[in-house]
Structure formats: structure tokens, C-alpha cells
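Trainee: Below is a structure I'd like to ask you about.
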Amino acid sequence: MSEYIEIDPNEDHGHHHKETFITKYIFSQDHKMIAKQYLITGVLFMGVIGILMSLLMRLQIAWPEEPNIIFEFFLGKWAPDGVMDADIYLALVTMHGTIMVFFVLTAGLSGTFSNLLIPLQLGARDMASGFLNMVSFWLFFLSTVIMVASIFVEAGPAAAGWTIYPPLSAVELAQGGSGLGMTLWLVSMAIFIASSLLGSLNYIVTVINLRTKGMTLTRMPLTIWAFFVTAIIGVISFPVLLSAALLLIMDRSFGTSFFLSDIFIQGEVLHYQGGSPVLFEHLFWFLGHPEVYIVLLPALGIASEVIATNSRKPIFGYKAMILSILAIAFLSTIVWGHHMFISGMNPFLGSVFTFTTLLIAIPSAVKAFNYITTLWKGNIQFNPAMLFSIGFVSTFITGGLTGIILGDSALDINLHDTYFVVAHFHLVMGISALYGLFSGVYHWFPMLFNRMLNKNLGYVHFWVTAICAYGVFFPMHFIGMAGLPRRYYTNSNFPLFDDLADTNKIITGFAIVGGLIQIVFLYNFIHSMFYGKKSPQNPWKSNTLEWTASMKHIHGNWKGKIPEVFRWPYDYSKPGYKEDFVPQIKPMKKDEIEY
Amino acid sequence: MSTFFTILILFFVVTAIWQIVKIYDLTQVSTVAKDSSQIANDKDNKVNGYLMLGFLIFIYVITIICFIRYGDFPLMSNSASVHGSKIDDLMMVSMVLIFFVQTVTQFFLYYFAYKYKGQKGRKAFFYSDNHKLEFLWTIIPAIVLTVLITYGLLTWSDIMNVDQDEDPIVIELYAQQFNWKARYSGEDNALGKANVRLIDIDRANILGLDEFDPNAQDDIITTELHLPVGKPVLFKMRSQDVLHSAYMPHFRAQMNCVPGMITQFGFTPSVTTAEMRETPEMIEKILNINNIRAEKSKELQEKGEEVLDPYEFDYLLLCNKICGKSHYNMQMKIVVETQEEFDKWINQQTKFKNSLIAQK
């Protein structure tokens, strides 16, 4: 299990173990292989399913009455004669949300890049526990299998929204999807949380213990800071969701009343008494809100690294960036109530949550301004990763600003659960985090597969995606401001909203193009994995440690000794050096000042 | 057959992309033979730099188009309740602020990206920190947000604290999958006790009222919500099955209905339905909607289906919390009218004690 214990970490411990196919590619304990496993399961596989579901929803919203051959193809019995069933629409809403938030943007994003970069950028041979890391991935894989299987159950998958508020999710009489589909959803999430906790603990321990000589906390790349803080938030908040899921399982299967009370449904009174759905909302959002930052912080970290490298400039305000990550992380755990202003909780609590929520704008603004200043007077290399990082900053600003409106309890009364909210969170966490993810894939693809991605396909991918992302979500704000509620199967029962139908068609048009263009990325990814140009060592002329490691994957990362670190990772274009980058392994000159 | 075609089309799309890439690669070889490093060169930097500028313009254009097309903001003007205009003012202030910040920051982001696009041989300016700047852009957002938070909180507590001295009419909003009921408290202005366990469908006690509670006797249960203009109303929300949300967008009002719990929201309607139909904004909006409906009707007629009725404006109560299959069609009409009209209407309704079916 742990080959490292008996080996001096500074010694090259023979990077050519005899490995069988199974230990190398399947039950691997090597962090680089696990990163690839996460990338392929979490991002490529689940991502395709999640995006496909969103396209089906958009088609339904744009052309609600017309039978569609595509529905019949994908939904089968749920779309008799091509007309989508109302229950399956809600199931699509639910599964799209669950898959994108948890599987693609939590496990896919953190799982891939924390695993790949934490040991490599810190100068460690592997994660603190390779075995736990392997268990973490396989638990994740199990939860993926269960979640995907739940899509195919007889009465339909979970359909209570990704927030699965009881009683809708708890009472089978309320909705077909609240039967076996919901049970599988809860089981899958419980396993997912176990996987996430094992992963996070491993990341935290590795960052604290396995930094190489000279790698002080204030010399860590911002990526590592972001992954580190993300893992801490995960460890604090995910157990609360686990408890909520377990209590909900008890309510559903063992007759307890934690979240249920006084229910009369389909002609019968249920026995539940004394519980409160609002309690579930508190427990759910105690994870649910930090979850937004679990998704976003790794993307912020990746963008910091990519922007600095490609601007050929140090990231502006390194310490302010760290402080703002810490501030965002702290605040993120005390703002969950802004999802519940009109849930029936005490209005005074609403005031408190408005206050804490709007405070997050301050560290976020600091980050945005620092990114912009980093570009100023740079020598910007527009590699595809850089485009996605700039796009990230752009959507982070656009989406973040509307948060100022939604975080204001008085304004939320009227915009709660309208398309304004959908537009807001898709921009600020969905698209932003996806951009962060893409940026990371383009930047570290050489590290992952020792080959280069095709840059021209990358440019096409970015520009079409960027235009479509704004085309979809910008007009959506205005639909929301016209009062259109989200999660409606069709709006045709409300003539009041008839004048929004055209806009919905335009949005769907952008969504289809934006969705299909991801095929270009998939093609580029798979093609380059096998036939891409071989990568040189350090293609982006980056300072961080991972580019000093062997590009060909070997167990233990570095041939020979682990490198020692002498400086922070952002010495780009430093005066006094001929090259415009100074790797961290380069010793300081006499009387040279560190940043 | 359709499945086959779909797969075929997908196959062709993928092949087409593959071929395009192949052709592109081949042309690259003949023109710039040496650079196939897949790392951005000066040409890429130049092209993408200009595209950055183009994208900035795209963002501005899409913003302007959206404002022109949807600039009437139905939720920011024409509120039909007293507190509504306060929310609208706050919304306006916030919108102006965020659009200012959006325009300026996006400009700097994309303009810098364009201006400092990379060139071979140029060196970036080593500039790693400036405490004054950091301080500046921490303190300015802090000040602006302090103002905004204070303004927002004052508005919020103003709305949520219902003044009992004003003697509001108490009305219960009762939610069930998938419709709404309203219960008026009658002359005593006190709602009778109720619990879902007392529901007796056979006796038409559909809301589970306590038959022996004197307050319940004169309660009135309706399927339409009528409100007298200018009179404060206090809604008590109840749900019998799952979470629902009573959303009344024109009144800037919303509150969840939670099973096992009574929630509340109060407001004073300020514009009657008749008056609202006469406002120029509404006339324009309804005209537009009816044009759309007329066009759609024509299409339907050609197909031999039923045509759509022309639409007349009414206030609505919508369900705005996912509640099951027919969530998308859970609505109730709201009528705001003068006190006389309201009195006339309410007197025509049946009191609870008279609505019960006698036990056989």
C-alpha cells in the first residue's frame, strides 16, 4: 500500500516498479493516473450527459407544444410521440443540476487538478496516502454508476430539483421520481460525500506535510492555496449534507419526522408530525452555499496561475490574493441563509444573511481588480488556456455583480426562483468554473498526456463558447426580471409571458451551438491524447515545479532528488534576468529581493 | 429509422470536423512550415488580441440590445403595491451601480488584453504589488456596499414587519398540488383554527377547519383572490402537501408555503385591476402579446386546431417552488377592486358553516 514509508523521500526510489495493467491503469495509486481517471469519468463522461440534458430542456422550453424526434430518441417512453412528459422535464432539471454541480464541477474539477498539481507543484513524490486516494476515486466511480443507473429506473429518476427539498423528495405520493430514483440519488450522494471527504483530507495533509525544502506557505502557487482552502471548506461542510441525506433517508424509509409534518396528500393524512422542511433547507444550504466556492475556488486558482504565466508578469498582489481566498472561504460558511430569505424563517435572520452575503463582494472585487492589473503592461501570450482564463474573469464579474442584487433580501423577494437566478448562478459558478476547468485542461494537458492540444481548435472552441455563453445567459436575466419562474415545463399556460417566447427561442439557439461546439473540444482532447504533437519540457515557460518533473509519467515524479525551492512562483520578467521567467528552483542571486 | 439517421448525421458531423482539421493542418504545413509547436506565436497573439476587442464590443452590443428589447422591466416599474415602489427604487439604484461597474471593469479587462498582446522580444513590466492600490480597491467597494446594505436592510425590515395597528385584513393562502385556495377571515377578522388532520372530503371540509371553533364559522373559502384597493392585507400561508411558494410578481410579494407551519407576508395593493389595464405600459404590453397570439392562432387554424383567446390582463398568483408534475400550471387569479365591489363580491360567497355537507 504505502511504498513510501520505508523510502527516504529525497532518494529516487526506482521509478520502474513492475506494474500490471490493473495496478497501473485501474486500481492505480499514482496521483497522476488518478487525476486522469477523474478527468475522464467526471468531466468527459458526466459532462456530456449533463450538457445533453440541458439541451433537451432548452428545446422543450423553446418549442413546448411541438413533438420533437430528438425527445423520442433520447427519452423513449418518457416522450411518447415526441412530446416530453412533464415529470421527466423536472427529472432533467434535477439530474442536470446534480451532475454538473457535484460530478463535473466538484469531483471533476478538484479531483483532476488537486490530484495532478498538489504533489507536482509542491515537490512531493505522491499524495500523502496513495491508497486513500485510490479509494476516493473508486467511491466516486461507484457513486457515478449509481447516479447514472438511477436515470433508468422504472418510475423515473429523482425529480425534486437538485436541492431535493422535502416533502416533495420524501413522499412518494407527491411525485413518481421520489421513489426508487430518489433513494438511489441519496445513496449515490452519500457515497460521493465519503469520496469527497477522503480526497479532501488527503489534499490537506499533503499540503501541510509534503512540501519540498524551501516551499514555505507564502511560496506556494495560488493554485495550491485555492485547492487547499477548497479542501478545508469541503471537510467542514460536506458532512452536514451527509447528515441531511441520512436524516432524509430515515424520514423516507423508517418513518421518522425530521423534516415532515402535517401532510395530507392524495386523500390521506400521513403520520408525520413535528418536523420542519425549513430545517432541511438549513442543512442543505450549509453545504450548498460553500459548495459554490468549492466549485469556484479551484477555478480562481487555475486562472491565477494561467494569467500570470501567460501575461509573463507576476500575479498582482499575491498576498492580497491569498487573503481574499481565505476571506471568501470564511464568509462562504456564514451566508447560506440567502437562499432562504422567503422560506418562512425569521426576517431578522434574513437581515443578518444579507449583511454577510454582500460582504463577499469585497474580496471578490479585490480578486477581479488584481487579475485586471496583472494584465496591465504584460506581454500576453494568447494560448487557449489564457483565453479561457480571461473569459473566466469576465463571466466572474458579470455573474458576480448580479449577486449584489440577489443577495439583497428585499430584492430577492421578487427575483427568487426566477430565471434571473438561473442566469446569475450559471454565469458566476457554472460557466466560470467550466472556463477554469477548460483553462486547466489546456494548460496542463502536456503534463497529463505529454502531448500538446491543437491550439487552433482551442481558439475555435473558446470563441464560439464565449459568444454562446453570453448569448444564452445575458438575455436570461431580462426574462427573469419579467417575472418568469424557473423549472416550468412550459410557459404557455400564462399568456402574460407570451412575449418572452421569442427570446427563449434565441437562447435555445445559442445553447445548441454552444453545446455542440464542445464536440470540437472532445475531438481535440481524444485526438491529441493519441496523436498530438509531443510536448517539450515546460512548453509555457512556467516557473512552477511541475514543469521540472519528468514529462513522461514515472512513479515518484522526479528522477533523482526532489528539487529544492528558493523563490515564489511568480518571478516573470524580473529585472536582472535575461529570460522572462525564473523557475522556483533557481537560487536567489546575492542581494536579490524576493517579490 | 430516426435513430439511424441521427447516428448517421452525428457521424457525418464528426467526420466533417476531422476533415476540416486535416485540411487546415495540411495548409499550415505548406505556408508556415516550421511552427507547429501548438504554442501561441505573434500571429495568434495579434488575432486573438483583436478578437478580445471585438468581444468587448459584442458584450456592449448585447447589453444595449437587451436594454432596448426588454428595457420596460415589468418588475421594475408599475408596481401594484405600496411597498413595491420602494423595492423598485432599490432595484434601480443597484442596477445602475452594477451596470456602471460591469461596463468599466469589462472595458479594462478586454482592453488590456488587446493592448498588451504579446510580441516576441518584448518584456512585461515587473509589477508585483502596491499596497495603496490594494487598499483603494478594498475600501471603495466596502464603502459602496455599506451604503447598499444599509439601504437594503431598511427596505427589508420595512416590508417584513407588518404593522398590526393598521388593522390589516387577514387572508389565508392555502396551497395544494396543484391549486390555490384563499380563506377570508370574515367579519371577526380572525381565521378559525385548522389542521390537515381535520380535512373531511365527504363533508366538503377541504381545508381542515375546526368545525367547533367559533372563529371558523364565518370564514369564507374561495378559488379567486379579491382584494380591496388601499387596504393592508396580511396573508397567512399554509400548505397541505409539499413546499409551494406564493409568488405575486406585480405586488413584489413572495413567501413559501411550508407544510406544518404558517408563514406570512403583508402588503397593501395600490392599483386596481381596472386601473392597471389602463396604464400605457400595460396597454402596450397586452397589445404586443395579443399580436403574438393572433399570429399563433393563424398557424393553429391552418392546422385545424383551436385558436387562442385574446388575452386580457389580470394579476396572478403563481407557484414558484418546484412542487411536482403540474407545477407549471399552479395559478390563481387576483382581482384588486374598490371597497364597494369587494364588499359586494364577498357577500355573495358562502360562509364555512353553510358550506359543510351534513353528515348522513
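Just so you know, the sequences run in chain order A and B.
According to our numbering, the first sequence holds residues 1 to 595 in order.
According to our numbering, the second sequence holds residues 596 to 955 in order.
Built from N, CA and C at the ideal position, the CB exists for glycine as well.
Predicted, not measured: the structure shown is a model, and the values here were computed from it.
1. Give the straight-line distance between the Cα atoms of residue 627/B and residue 434/A, rounded to the nearest whole angstrom.
2. In the DSSP output, what is residue 89/A paired with across the bridge?
3. Taking the beta strand (DSSP E) that residue 862/B belongs to, which residues open and close that run?
4. Is the distance from the Cβ of residue 170/A to the Cβ of residue 94/A below 7 Å?
5. Beta-carbon of residue 773/B versus every beta-carbon of chain A: anything under 7 Å?
6. In chain A, which residues lie less than 7 Å from residue 844/B when you measure between Cβ atoms?
7. Let me know if residue 255/A comes out buried or exposed under the rule of 16 or more other beta-carbons within 10 Å of its beta-carbon.
8. Can you tell me whether DSSP reads residue 499/A as helix, strand or coil?
9. When you compare the CB of residue 942/B with every CB in chain A, is at least one pair closer than 7 Å?
10. So residue 413/A and residue 342/A are in contact, right, with Cβ under 8 Å, and what is the actual spacing, rounded?
11. DSSP on residue 568/A, reduced to helix/strand/coil?
12. Can you have a look at residue 605/B and say buried or exposed, based on whether 16 or more other CB atoms are within 10 angstroms of its CB?
13. Can you give me the start and stop residues for the beta strand (DSSP E) that residue 830/B sits inside?
14. In whole angstroms, what separates the C-alpha of residue 808/B from that of residue 787/B?
15. Output the distance between the C-alpha atoms of residue 534/A and residue 645/B, rounded to the nearest integer angstrom.
16. So, helix, strand or coil for residue 115/A, using DSSP?
17. Residue 582/A CB to nearest chain B CB: under 7 Å?
18. Starting from the Cα of residue 357/A, find the closest Cα among 402/A, 248/A, 184/A, 370/A and give me that residue.
19. Residues of the segment 742 to 771 of chain B with a CB closer than 7 Å to any CB of chain A: list them in chain order, please.
20. Looking only at DSSP bridge pairs, what is residue 767/B linked to?
21. Using a C-beta cutoff of 7 Å, does residue 825/B count as contacting chain A?
22. Taking the beta carbon of residue 370/A as the centre, do at least 16 other beta carbons fall within 10 Å, making it buried, or is it exposed?
23. Can you tell which of 101/A, 191/A, 484/A, 222/A has the C-alpha that lies nearest to the C-alpha of residue 597/A?
24. Of all the options 522/A, 476/A, 300/A, which has the alpha carbon lying nearest to the alpha carbon of residue 500/A?
25. Cβ closer than 7 Å: which chain B residues qualify as neighbours of residue 261/A?
26. Cβ closer than 7 Å: which chain B residues qualify as neighbours of residue 487/A?
27. What span of residues does the beta strand (DSSP E) with residue 914/B cover, start to end?
28. 7 Å is my cut-off, CB to CB: does residue 883/B come that close to chain A?
29. Any Cβ of chain A within less than 7 Å of the Cβ of residue 893/B?
30. Would you tell me roughly how many angstroms separate the C-alpha atoms of residue 55/A and residue 340/A, rounded to the nearest one?
31. With which residues is residue 148/A paired in a DSSP beta bridge?
32. Could you pull the start and end residues of the beta strand (DSSP E) that residue 848/B belongs to?
33. In angstroms with no decimal places, state the Cα-to-Cα distance between residue 419/A and residue 837/B.
34. Just how far apart, CA to CA, sit residue 221/A and residue 562/A?
35. Excluding the five sequence neighbours on either side, which residues of its own chain have a C-beta within less than 6 Å of the C-beta of residue 431/A, listed in chain order?
36. Just the C-alpha distance for residue 52/A and residue 59/A, rounded to the nearest angstrom, thanks.
Mentor: Taking the structure as given:
1. Taking the first residue of the second sequence as position 1, residue 627/B is located at position 32. Taking the first residue of the first sequence as position 1, residue 434/A is located at position 434. Low confidence applies to residue 627/B: its pLDDT is 49, below 50, so where it sits in the model is not reliable, and the reading given next is rough at best. Distance between the alpha carbons of residue 627/B and residue 434/A: 33 Å.
2. Position 89 of the first sequence, counted from the start, is the residue given in the question as residue 89/A. Paired residue(s): none; residue 89/A is not in a bridge.
3. Residue 862/B sits at position 267 when you count from the first residue of the second sequence. Run containing residue 862/B: 858 to 862, per the beta strand (DSSP E) assignment.
4. For the purposes of this step, residue 170/A is identified with residue 170 of the first sequence, where counting begins at 1. For the purposes of this step, residue 94/A is identified with residue 94 of the first sequence, where counting begins at 1. No, Cβ-Cβ distance for residue 170/A and residue 94/A is not below 7 Å.
5. Your numbering for residue 773/B matches position 178 in the second sequence. Closer than 7 Å: no.
6. What you label residue 844/B is simply residue 249 of the second sequence in a count that begins at 1. Neighbours of residue 844/B on chain A, chain order: 414, 483.
7. Counting from 1 along the first sequence, the entry for residue 255/A is found at position 255. Exposed: under 16 other Cβ atoms inside 10 Å.
8. The sequence position of residue 499/A within the first sequence is 499, counting from 1. Three-state result, residue 499/A: helix.
9. Here residue 942/B is taken as the residue at index 347 of the second sequence, counted from 1. No - not a single Cβ of chain A is within 7 Å of the one on residue 942/B.
10. Here residue 413/A refers to the residue found at position 413 when the first sequence is read from its first residue. Here residue 342/A refers to the residue found at position 342 when the first sequence is read from its first residue. In this structure, residue 413/A and residue 342/A form a Cβ contact; the two beta carbons are roughly 6 Å apart against a cut-off of 8 Å.
11. Counted from its first residue, the first sequence places residue 568/A at position 568. DSSP places residue 568/A in coil when its eight states are reduced to three.
12. As a first step, residue 605/B is located in the second sequence; it is residue number 10 there, counting from the start. Exposed: under 16 other Cβ atoms inside 10 Å.
13. Working through the second sequence from its first residue, we reach residue 830/B at position 235. That run of the beta strand (DSSP E) goes 828 to 834.
14. In the second sequence, counting from the first residue as 1, residue 808/B sits at position 213. In the second sequence, counting from the first residue as 1, residue 787/B sits at position 192. In this structure, the straight-line span from the alpha carbon of residue 808/B to that of residue 787/B is close to 6 Å.
15. Translated into the one-based positions of the first sequence, residue 534/A becomes position 534. Translated into the one-based positions of the second sequence, residue 645/B becomes position 50. Looking at the two C-alpha atoms, the distance is approximately 30 Å.
16. If you number the first sequence from 1, residue 115/A lands on position 115. In the structure shown, residue 115/A sits in a helix (DSSP, three-state: H, G or I).
17. Against the first sequence, residue 582/A aligns to sequence position 582. Residue 582/A does not count as touching chain B.
18. One-based indexing of the first sequence puts residue 357/A at position 357. When the alpha-carbon of residue 357/A is set against those of 402/A, 248/A, 184/A, 370/A, the nearest one is in 402/A.
19. Per Cβ criterion, the list reads 743, 744, 747, 748, 750, 751, 752, 754, 755.
20. The residue you call residue 767/B lines up with position 172 of the second sequence. 778/B, 831/B, per the DSSP bridge assignment.
21. On the second sequence, position 230 is the one that residue 825/B refers to. Answer no: the Cβ-Cβ gap between residue 825/B and chain A never drops below 7 Å.
22. Here residue 370/A corresponds to residue number 370 of the first sequence, with the count starting at 1. Buried: at least 16 other Cβ atoms inside 10 Å.
23. No answer is possible for residue 597/A: it lies beyond the span of chain A, which begins at 1 and ends at 595.
24. One-based indexing of the first sequence puts residue 500/A at position 500. Residue 476/A holds the alpha-carbon nearest to the alpha-carbon of residue 500/A among 522/A, 476/A, 300/A.
25. Along the first sequence, read from residue 1 onward, the residue named residue 261/A stands at position 261. By Cβ distance, chain B contributes 854, 855.
26. Sequence index remark: in the first sequence, residue 487/A carries index 487 (1-based). Per Cβ cutoff of 7 Å: 917, 922.
27. Counting from one through the second sequence, the residue named residue 914/B turns up at place 319. Looking at the DSSP string, the run of the beta strand (DSSP E) that includes residue 914/B is 910 to 914.
28. For this step, residue 883/B is matched to residue 288 along the second sequence. Chain A contact via Cβ: present.
29. Counting from 1 along the second sequence, the entry for residue 893/B is found at position 298. Taking Cβ atoms only, chain A never reaches closer than 7 Å to residue 893/B, which makes this a no.
30. Translated into positions along the first sequence, residue 55/A becomes position 55. Translated into positions along the first sequence, residue 340/A becomes position 340. Looking at the two C-alpha atoms, the distance is approximately 29 Å.
31. Sequence index remark: in the first sequence, residue 148/A carries index 148 (1-based). DSSP output for residue 148/A lists no bridge partner at all.
32. Against the second sequence, residue 848/B aligns to sequence position 253. Residues 848 to 852.
33. Locating residue 419/A in the first sequence gives position 419, counting from the first residue. Locating residue 837/B in the second sequence gives position 242, counting from the first residue. For residue 419/A and residue 837/B, the distance between alpha carbons rounds to 22 Å.
34. Taking the first residue of the first sequence as position 1, residue 221/A is located at position 221. Taking the first residue of the first sequence as position 1, residue 562/A is located at position 562. Spanning the two alpha carbons is a distance of roughly 17 Å.
35. Numbered from 1 along the first sequence, position 431 holds the residue referred to as residue 431/A. The answer, listed in chain order, is 395, 469.
36. Here residue 52/A corresponds to residue number 52 of the first sequence, with the count starting at 1. Here residue 59/A corresponds to residue number 59 of the first sequence, with the count starting at 1. So the two alpha carbons sit approximately 11 Å from each other.
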